[in-house]
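> First residue of the sequence shown: 449, per this note's numbering; consecutive thereafter.
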Amino acid sequence: MKAARSRSRRPQAWTNIAKERIGILVSLAEKEAKRHPERTKRYVDLARRIGMRYNVRLDKGTRIRICKECSSFLIPGYNCTVRTRSDKQSLVVTCNKCGSVKRYPYSKEKKA
Numbered sequence: 449m450k451a452a453r454s455r456s457r458r459p460q461a462w463t464n465i466a467k468e469r470i471g472i473l474v475s476l477a478e479k480e481a482k483r484h485p486e487r488t489k490r491y492v493d494l495a496r497r498i499g500m501r502y503n504v505r506l507d508k509g510t511r512i513r514i515c516k517e518c519s520s521f522l523i524p525g526y527n528c529t530v531r532t533r534s535d536k537q538s539l540v541v542t543c544n545k546c547g548s549v550k551r552y553p554y555s556k557e558k559k560a
């Protein structure tokens, strides 16, 4: 019978470094988005790969601004269209490069 192999966990320092690196790459992508779209795509790909390798999630704001299909950094009015659907209470983000559509539900704020 084989001995049970223990799964070693990555040190917390590695995940902290990964989070920091992802933040740096996203900020670089944001700066370079209009001038160098191909460089921006590379930054986004690297950030996603680092997140997958070290099992680190991208924060919600970053996930909304990245197209899953073509890995472009979405800037409203430049390379994506943002619409609100009041009847279905959702935010619709359409990538102008690949045409993929993402929908995010929202609820109206309650008045006090």
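Just so it is clear, CB atoms sit at the ideal spot from N, CA and C, and this is done for glycine as well.
#1: In chain order, what residues of the same chain have a beta carbon less than 8 Å from the beta carbon of Val504, not counting five sequence neighbours either side?
#2: Could you check which residue in Ile523, Tyr502 and Gly525 has the C-alpha nearest to that of Gln460?
#3: Alpha carbon to alpha carbon, what distance is there between Ile512 and Arg533?
#4: I'd like to confirm the pairing. Which residues does DSSP put opposite Thr539 in its beta bridges?
#5: When you compare the CB positions of Cys528 and Asn544, do they come within less than 7 Å of one another, or not?
#6: So who's on the other strand from Ile514, going by DSSP bridges?
#7: I'd like to know whether the C-beta atoms of Leu494 and Leu522 end up nearer to each other than 7 Å.
#8: For Gly499, name the three-state secondary structure that DSSP assigns.
#9: If I follow the unbroken alpha helix (DSSP H) through Leu506, where does it start and stop?
Based on what the coordinates show:
#1: Thr463, Ala466, Lys467, Ile470 and Ile498
#2: Tyr502
#3: 17 Å
#4: Per the sequence presented here, residue 539 reads as Leu, with Thr not at that position. Answer by DSSP bridge pairing, in chain order: Thr532 and Tyr552.
#5: yes
#6: Phe521
#7: Their beta carbons are not under 7 Å apart, which means Leu494 does not touch Leu522 by this criterion.
#8: helix
#9: For Leu506, there is no enclosing alpha helix (DSSP H), as DSSP gives it neither H nor E.
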